[in-house]
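Reading through the structure tokens given below for one structure.
There are 2 protein chains.
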Amino acid sequence: MNNPHDERAREQIEEAKDQVIQSISETMDLYGVTPAAGKIYATMYFENQMNLDEMREELGMSKPSMSTNVRHLQQIGMVKKKFQRGSRKHTYTAEKNFFHSFMAYFCQMWEREANTNMEAIHQAEKPLLEIIHDEHVSDSFKEEARHHYELLNQSKVYYNWLDQLVHSIRSEEIFEFLPKDTSQKD
Amino acid sequence: MNNPHDERAREQIEEAKDQVIQSISETMDLYGVTPAAGKIYATMYFENQMNLDEMREELGMSKPSMSTNVRHLQQIGMVKKKFQRGSRKHTYTAEKNFFHSFMAYFCQMWEREANTNMEAIHQAEKPLLEIIHDEHVSDSFKEEARHHYELLNQSKVYYNWLDQLVHSIRSEEIFEFLPKDTSQKD
DNA sequence: CAAAACGTTAAATTTTTTCTTAACAAAGTT
DNA sequence: AACTTTGTTAAGAAAAAATTTAACGTTTTG
Chain A
1 MNNPHDERAR EQIEEAKDQV IQSISETMDL YGVTPAAGKI YATMYFENQM NLDEMREELG
61 MSKPSMSTNV RHLQQIGMVK KKFQRGSRKH TYTAEKNFFH SFMAYFCQMW EREANTNMEA
121 IHQAEKPLLE IIHDEHVSDS FKEEARHHYE LLNQSKVYYN WLDQLVHSIR SEEIFEFLPK
181 DTSQKD
Chain B
1001 MNNPHDERAR EQIEEAKDQV IQSISETMDL YGVTPAAGKI YATMYFENQM NLDEMREELG
1061 MSKPSMSTNV RHLQQIGMVK KKFQRGSRKH TYTAEKNFFH SFMAYFCQMW EREANTNMEA
1121 IHQAEKPLLE IIHDEHVSDS FKEEARHHYE LLNQSKVYYN WLDQLVHSIR SEEIFEFLPK
1181 DTSQKD
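Have a look at this one:
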């Protein structure tokens, strides 16, 4: 095991891993995670499973930090708790299928975007409609209300589309339109 | 103009707008913007155009803050500088078509994700391949290198798919699969 | 050409977020 | 039942980000 070739190999493997870990961690801000959480995820990506102490060891950070970061990663579906009998330590696994991560996160977020804004639009449209139909309000205000109403109404097309997109992802119909191309493109 | 009905209408319009502004601002964290920037965008959404002083006035914040936030919004394609002759003040308009905002932002981000990680993967695969083909390295390390190599190789399918997704959005082919449904769904 | 208007940069302050140490709670072991 | 082990919560410290005030450069105007 103290073969110099093996030693060199071990270093190179670590270097290669670190390069990808760095890269994943860097781009994961799109998923709303901090660099630390990104590094945790990316580290787990190369491991079968890890417990909190192993993460702490690997990243040189505190255990509560691991705990909270892992919880966040679980919430967005990038890490799963592995049920492990025997050991009291909780063990976790990274979602290694990036398609799943993508689907879980963006569906969650787009759904939130559509629901939150649709709700607000519905609330806002009510008084606007009242103004539009109120004989006592002067035309300039009616016109403004109508203008805003139209704007909001138009935006529903987008939020409906978002809902459809989410549905097509959840049902995986999207992959009929855009197949996972397994041919090597390098 | 000091008609009490008009006064009430004005208040209701403001309230309706604020509700939507709040909602948009809240969900815009998905686009990596701060609540302040989200509020700027959402405020502009209801206006034809605004200059920095009007934004400062409306949001009660400093002008440099407007300046930097607006620049950021421009970078992600949610705000455009309007060329306005006559006035020295720069005027800006919000991208009111949410489809465009969606397309601009996510294409930009997904492209970055794919490019950054693909680059790292290419760099990392080289030494891994060397190890795999090195006669002097013991089997256990070879096996580890092979395992990582396979993992990285597999992830390319996802990054290629991301590239395709970006392409289908930029070319608007996505809307053939998922049409913008303009029928009222409320 | 001096003064004003406008936008941006720089430096400093404030606020927010993240991380750590310490305390705690739950479950298991001896 | 006392003692470990493990994970989480709480409080405090450190780090990062956003915001503001001040200063600067450029352009326009009187």
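Top line first, the protein sequences correspond to chains A and B.
Quick note: the first sequence uses the numbering used here, first residue 1, plus one each step.
Quick note: the second sequence uses the numbering used here, first residue 1001, plus one each step.
Backbone N, C-alpha and C fix where the C-beta goes; we use that ideal spot for every residue, glycine too.
Just so we're clear, the structure is a prediction, and the values are computed from it rather than from any experiment.
Fill in: Coil, strand or helix - residue 1180 of chain B by DSSP
In this structure, residue 1180 of chain B counts as coil in the three-state DSSP scheme.
Worksheet entry | Closer than 7 Å to chain B by CB, residue 120 of chain A | With 7 Å as the cut-off, residue 120 of chain A counts as an interface residue toward chain B.
Discussion item. Under DSSP, the alpha helix (DSSP H) around residue 82 of chain A begins and ends at which residues?
Written reply: Unbroken run through residue 82 of chain A is the beta strand (DSSP E), 79-82; no alpha helix (DSSP H).
Worksheet item: Straight-line CA distance for residue 124 of chain A to residue 38 of chain A?
Response: Looking at the two C-alpha atoms, the distance is approximately 38 Å.
Discussion item. Please report the distance separating the alpha-carbon of residue 1119 of chain B from that of residue 21 of chain A.
Written reply: One Cα belongs to residue 1119 of chain B, the other to residue 21 of chain A, and the distance between them is close to 12 Å.
Worksheet entry | the segment 135-147 of chain A: positions lying closer than 7 Å to chain B by Cβ | Listed in sequence order: 136, 137, 138, 141, 144, 145.
Discussion item. Buried or exposed for residue 172 of chain A, going by 16 or more other Cβ atoms inside 10 Å?
Written reply: It is exposed - the Cβ of residue 172 of chain A has fewer than 16 other Cβ atoms within 10 Å.
Worksheet item: Taking the alpha-carbon positions, what's the residue 1017 of chain B to residue 1010 of chain B distance?
Response: Taking the straight line from one Cα to the other gives about 11 Å.
Worksheet item: Between which two residues does the alpha helix (DSSP H) containing residue 1068 of chain B stretch?
Response: For residue 1068 of chain B, the uninterrupted alpha helix (DSSP H) run begins and ends at 1063-1075, by DSSP.
Worksheet entry | Alpha-carbon spacing of residue 1098 of chain B relative to residue 84 of chain A, whole angstroms | Near 45 Å, if we compare the C-alpha coordinates of residue 84 of chain A and residue 1098 of chain B.
Worksheet item: Contact check, residue 80 of chain A vs residue 74 of chain A under 8 Å by CB: the rounded distance?
Response: About 7 Å separates the two Cβ atoms, so the contact holds.
Practice prompt. Check whether the Cβ atoms of residue 113 of chain A and residue 166 of chain A lie closer than 7 Å to each other.
Written response: Their beta carbons are not under 7 Å apart, which means residue 113 of chain A does not touch residue 166 of chain A by this criterion.
Worksheet item: Do the segment 1123-1138 of chain B and the segment 1149-1158 of chain B touch if we need at least three Cβ pairs shorter than 8 Å?
Response: Segments in contact, yes.
Discussion item. For residue 1049 of chain B, count the other beta carbons within 10 Å of its own beta carbon; 16 or more makes it buried, fewer makes it exposed. Which is it?
Written reply: It is exposed - the Cβ of residue 1049 of chain B has fewer than 16 other Cβ atoms within 10 Å.
Worksheet item: Buried or exposed: where does residue 1046 of chain B fall if 16 or more other Cβ atoms within 10 Å of its Cβ makes it buried?
Response: That one is buried.
Item to complete: Output, in chain order, the set of chain A residues within a Cβ distance shorter than 7 Å of residue 1189 of chain B.
Response: Because residue 1189 of chain B is not part of the residues shown, which for chain B are 1001 to 1186, the question remains open.
Worksheet item: By how many angstroms is the C-alpha of residue 71 of chain A removed from the C-alpha of residue 55 of chain A?
Response: Approximately 13 Å between the Cα atoms of the pair.
Item to complete: Return the first residue and the last residue of the alpha helix (DSSP H) that residue 31 of chain A is part of.
Response: Per DSSP, residue 31 of chain A is not a residue of any alpha helix (DSSP H), being assigned neither H nor E.
Worksheet item: In whole angstroms, what is the alpha-carbon distance linking residue 58 of chain A and residue 1062 of chain B?
Response: Rounded to whole angstroms, residue 58 of chain A to residue 1062 of chain B spans 43 Å at the Cα level.
Practice prompt. Return yes when at least one heavy atom of the ligand FMN lies under 6 Å from the C-beta of residue 1119 of chain B, else no.
Written response: No copy of the ligand FMN appears in this structure; indeed no ligand is present at all.
Worksheet item: When you compare each of B:1160, B:1144, B:1133, B:1182 to residue 1116 of chain B by their alpha carbons, which one comes out closest?
Response: Considering only alpha carbons, the answer is B:1160.
Worksheet entry | 7 Å Cβ cutoff met for residue 1182 of chain B and residue 157 of chain A | Going by C-beta atoms, residue 1182 of chain B is nearer than 7 Å to residue 157 of chain A.
Worksheet entry | Where residue 1003 of chain B falls, given that 16 or more other Cβ within 10 Å makes a residue buried | Of the other Cβ atoms in all chains shown, fewer than 16 fall within 10 Å of the Cβ of residue 1003 of chain B; this residue is therefore exposed.
Item to complete: Identify each residue in the segment 1066-1094 of chain B for which the Cβ-Cβ distance to at least one residue of chain A is less than 9 Å, and report them in chain order.
Response: Look at the segment 1066-1094 of chain B: it has no residue with a C-beta under 9 Å from a C-beta of chain A.
Discussion item. Quick check on the DSSP output: the alpha helix (DSSP H) that includes residue 122 of chain A runs from which residue to which?
Written reply: The continuous alpha helix (DSSP H) containing residue 122 of chain A extends over residues 98-132.
Worksheet item: When the Cα atoms are used, what is the spatial distance from residue 67 of chain A to residue 52 of chain A?
Response: Straight across, the Cα-Cα distance linking residue 67 of chain A with residue 52 of chain A is about 7 Å.
Practice prompt. Using DSSP bridges, identify the partner residues of residue 1094 of chain B.
Written response: Answer is B:1079, bridged to residue 1094 of chain B.
Worksheet item: What do you get for residue 1043 of chain B, buried or exposed, if any count of 16 or more other CB atoms within 10 angstroms of its CB means buried?
Response: The residue in question, residue 1043 of chain B, is buried, as its Cβ has 16 or more Cβ neighbours within 10 Å.
Discussion item. At a CB distance below 7 Å, what residues from the segment 45-60 of chain A approach chain B? Give them in sequence order.
Written reply: Per Cβ criterion, the list reads 46.
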